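S.K.:
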Amino acid sequence: MTTINITSKEVREKLKGKHVLLIGDSISRGIYKDLACLLSGNDRLLTMDELRYNRHKSYINKLFGETIDCFKTDRANSTKNIEKRKLISNEHDHHLFYSFSSRIWNKEMKKLLLTIKSYDFIIIQSCLWDISRYSDFNGTTYLRNIDICLSKIKQLKKQIIWIMIPPSNSSNNCLFNNLISKLHPSIIEILKNYDCILLDLYDILGNHPDCRHVDGVHFTPNGHRVITYYLMKIISNLLQQEIIIDSVDPIPSHNNLSNDENNPPNDVCESLQQNKVKKKKLKGFTILILSKKFVILELSC
Numbered sequence: 028m029t030t031i032n033i034t035s036k037e038v039r040e041k042l043k044g045k046h047v048l049l050i051g052d053s054i055s056r057g058i059y060k061d062l063a064c065l066l067s068g069n070d071r072l073l074t075m076d077e078l079r080y081n082r083h084k085s086y087i088n089k090l091f092g093e094t095i096d097c098f099k100t101d102r103a104n105s106t107k108n109i110e111k112r113k114l115i116s117n118e119h120d121h122h123l124f125y126s127f128s129s130r131i132w133n134k135e136m137k138k139l140l141l142t143i144k145s146y147d148f149i150i151i152q153s154c155l156w157d158i159s160r161y162s163d164f165n166g167t168t169y170l171r172n173i174d175i176c177l178s179k180i181k182q183l184k185k186q187i188i189w190i191m192i193p194p195s196n197s198s199n200n201c202l203f204n205n206l207i208s209k210l211h212p213s214i215i216e217i218l219k220n221y222d223c224i225l226l227d228l229y230d231i232l233g234n235h236p237d238c239r240h241v242d243g244v245h246f247t248p249n250g251h252r253v254i255t256y257y258l259m260k261i262i263s264n265l266l267q268q269e270i271i272i273d274s275v276d277p278i279p280s281h282n283n284l285s286n287d288e289n290n291p292p293n294d295v296c297e298s299l300q301q302n303k304v305k306k307k308k309l310k311g312f313t314i315l316i317l318s319k320k321f322v323i324l325e326l327s328c
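Quick note, our numbering runs 27 ahead of the 1-based positions in the sequence shown.
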């Protein structure tokens, strides 16, 4: 069994004062629960009972003192189900939210956009339901909906962390497994266009064979902790970038520049160069610039 070291204290410190929203299906719910476990002061994994979901009785699903604001179930695995959870601590100043979504762009997502400005981190994981519950057997609608959703969120100038889950381990899902693998590069291109931060678990989970549940789709408690570990590394990196941006001396105004736009003064060049160096020295990360906007964070343990 693979051991991942991340403590409740670390997560509390990094998310203090931050509003974090997770959007997606049951896998996203599991990620939310694992973060809630750590934020509640528990230096342990979730139990299998805590990961289970009871669609008939909402109070059974409540964990760690969370609040379930909305819980409407049409039937098992229905695209009409609505679920909204939150874990808020005034003492520790953390604010964690989860919103179920069966599709990356639908009526519920449109409603969610009305409150999206209040969140510091927006974390999305949406794929299997999109292609399996809506008979989208070539993924065309799914890709179009990703583009629509991300364009709407980016209009509000919010940063998005997208979690990409690899195909399931179940041989019963061969059709969808093949489609997910086929769509992988196209999804990356869309994320690149909208300057999203990508947590691509394709390679990471290959090093953690004990992560997947026996159904081949969902994740074990250890699997969710692995996801949380890498997610928190990305959040930590983003927080460090905020500190760097706040601490960098402002570049002289245009009025102080020489008339030769192609040859700015040495102090401006040095300031720009220092900024670049600082960004490259973020602990634990290699930043690969793929374009002017899109970056992939290569996580080094």
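No residue lacks a Cβ here, since even glycine has one placed at the ideal position from N, Cα and C.
Treat the numbers as computed from the prediction; the structure is a model and nothing was measured.
Leaving out the 5 sequence neighbours to the left and right, which residues in its chain are closer than 7 Å to residue 113 when beta-carbon positions are compared?
M.R.: Closer than 7 Å at Cβ, skipping near neighbours: 93, 94, 96, 123, 124.
S.K.: Quick one: is residue 57 buried, meaning 16 or more other Cβ sit within 10 Å of its Cβ, or exposed?
M.R.: Per the 10 Å Cβ criterion, buried.
S.K.: Once DSSP output is grouped into helix, strand and coil, what is the label at residue 253?
M.R.: Residue 253: helix per DSSP, three-state reduction.
S.K.: Of the choices 116, 70, 127, whose alpha-carbon is the least far from that of residue 98?
M.R.: The candidate whose alpha carbon is nearest that of residue 98 is 127.
S.K.: Quick check: what's the CA-CA separation for residue 136 versus residue 130?
M.R.: Residue 136 and residue 130: Cα-Cα distance of roughly 8 Å.
S.K.: Measuring alpha carbon to alpha carbon, tell me which residue in 171, 197, 192 is nearest residue 232.
M.R.: That would be 192, whose Cα lies nearest to the Cα of residue 232.
S.K.: Could you tell me which of 132, 264, 269, 245 sits nearest to residue 75, measuring between CA atoms?
M.R.: That would be 245, whose Cα lies nearest to the Cα of residue 75.
S.K.: Name the two residues that bound the continuous alpha helix (DSSP H) containing residue 76.
M.R.: 75 to 78 is the span of the alpha helix (DSSP H), which, as asked, contains residue 76.
S.K.: Would you check if the distance between the CB atom of residue 173 and the CB atom of residue 217 is smaller than 8 Å?
M.R.: Yes; because the gap between Cβ atoms is below 8 Å, this pair is in contact.
S.K.: Span of the beta strand (DSSP E) holding residue 70?
M.R.: Run containing residue 70: none; DSSP gives neither H nor E here.
S.K.: Taking all protein chains shown into account, decide if residue 212 is buried (16 or more other Cβ within 10 angstroms of its Cβ) or exposed.
M.R.: With fewer than 16 other Cβ atoms within 10 Å, it is exposed.
S.K.: Kindly indicate which three-state DSSP category residue 171 falls into: helix, strand or coil?
M.R.: Of the three classes helix, strand and coil, the one that applies to residue 171 here is helix, per DSSP.
S.K.: Just how far apart, CA to CA, sit residue 70 and residue 165?
M.R.: Each residue's alpha carbon lies about 42 Å from the other.
S.K.: Assuming residue 179 and residue 140 make a contact with CB atoms under 8 Å, what is their CB distance in whole Å?
M.R.: Indeed they touch by this definition, with Cβ atoms about 6 Å apart.
S.K.: Who pairs with residue 221 in a beta bridge, going by DSSP?
M.R.: Partner(s): none; residue 221 has no beta bridge.
S.K.: So, helix, strand or coil for residue 142, using DSSP?
M.R.: DSSP places residue 142 in helix when its eight states are reduced to three.
S.K.: Return the CA-CA distance between residue 196 and residue 262, expressed in angstroms with no decimal places.
M.R.: Spanning the two alpha carbons is a distance of roughly 28 Å.
S.K.: For residue 32, does the three-state DSSP call read helix, strand or coil?
M.R.: Coil.
S.K.: What does a CB cutoff of less than 8 Å around residue 89 pick up in its chain, not counting 5 residues either side in sequence?
M.R.: Answer for residue 89: 95, listed in chain order.
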